[in-house]
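Going left to right, the sequence shown walks through residues 3 to 254 as my numbering numbers them.
Backbone N, C-alpha and C fix where the C-beta goes; we use that ideal spot for every residue, glycine too.
Since the structure comes first, as structure tokens, the remarks are kept for the end.
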Amino acid sequence: MLPIERRRRILELLSKNGTITVAELVEKFDVGEATIRRDLRYLEKNYGVVVTYGGAHLPHYGMLQEFPLTQKTLINTEQKNLIAQKAAALVQEGDSIGLNAGSTVELILDYLPKLTALTVVTLSLNVAVRAAKIPYVNLVLPGGVFRRTSYEFCGSHAERFLSTLSVDKAFIGASAVSLEKGVTHPVLEEVPLNRLMMEIAREKYLVVDSSKFGRVAFGQFARLEEFTGFIVDDDFPADMRAYAAAHDIKVI
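Right, dumping it as structure tokens:
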């Protein structure tokens, strides 16, 4: 296994469990302790992983903290691509869609059906760059203050502009989803814009892999019952599935 692949899988394990030991990684990947420690030092330098004597953990494990988009794109890639394909299948000719920032949401653009007209409203520079390469897309980018960690625009200018729009469907990525707190986000400045993206959409779809469930971050921007559908992977939790059935929310 190449180092880049092993490090990606270590990040996935940390994302899922919050903490891991060197001994566990040595056993799992069948490599020496020195190799694992080099991997962990690399992840510490480039992705903010906290390295300890016996292993590593995510910073401030408990209430979810913000992680760079560059880190999130390496985690659960197979599930994210599957979810993106499901979401893209809902997009129809002439639709206007809203895409917030997120490593799963941006992949939707890679799986769009054959169309001739589509309007994309996004808060994310990453999504905008991808959308700009699609000839039939009419791209709307509110602008504002750019945050390098998430590649998202925020601030009062972006909020005012977004509030004047309406879209057919919003595909909402999230860092944390729970039955108790709904959909929450670790960065307070981005909460109002994510909330606005919900409000301007006729149909609202939550687009998340199973690692995001059972987590709580700082600021709530959506209640679960507001969503038209949950677009998820095969490990969608049973309690969330029961909630969706009780509230007439599609599980896709």
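*DSSP-derived helix/strand/coil call for residue 64*: For residue 64, the predicted model reports a pLDDT of 46, less than 50, meaning its position is unreliable; a value from the coordinates is still stated below. Here residue 64 sits in coil by DSSP.
*Sequence-distant residues of its chain with Cβ nearer than 7 Å to residue 53 (five each side left out)*: 42, 43, 46
*Work out the CA separation of residue 146 and residue 98 for me, nearest whole Å.*
21 Å
_If we require 3 or more residues per run, which beta strand (DSSP E) segments fall completely within the region 98-183?_
98-101, 120-124, 139-142, 147-149, 154-156, 169-174, 178-180
_Cβ contact (3+ pairs, closer than 8 Å) linking the region 191-202 and the region 231-242_ = Touching, no.
*Go to residue 193, then tell me how far its alpha helix (DSSP H) extends in each direction, as first and last residue.*
193-201
_Same chain, Cβ closer than 8 Å to residue 251, five either side skipped, listed in chain order_ = 226, 227, 229, 230, 231, 232, 245
_Alpha carbon of residue 150 to alpha carbon of residue 120, nearest angstrom_ = Approximately 27 Å, taken between the alpha carbons.
*What is the C-beta distance between residue 205 and residue 171, in whole angstroms, given that I count them as a contact (C-beta under 8 Å)?*
Contact between residue 205 and residue 171 holds: CB atoms are separated by about 5 Å, below the 8 Å threshold.
*If we count Cβ pairs, one from each stretch, closer than 8 Å, do we get three or more for the region 107-124 versus the region 176-188?*
Three or more beta-carbon pairs separated by less than 8 Å are not found between the region 107-124 and the region 176-188, which leaves the two stretches without contact.
*8 Å contact criterion, which residue 20 and residue 60 should meet: CB distance rounded*: 5 Å
*Grab me the residues of residue 154's own chain with a C-beta within less than 7 Å of its C-beta, minus the 5 sequence neighbours each way, in chain order.*
103, 125, 126, 192.
*asked:* Please tell me whether residue 106 and residue 175 are closer than 8 Å, where the distance is taken between their beta carbons.
replied: yes
*Starting from the Cα of residue 148, find the closest Cα among 128, 241, 199, 10 and give me that residue.*
128
_Bounding residues of the alpha helix (DSSP H) (the contiguous stretch that carries residue 2)_ = This structure cannot speak to residue 2, because the chain is shown only from 3 to 254.
*Does DSSP put residue 58 in a helix, a strand or coil?*
strand
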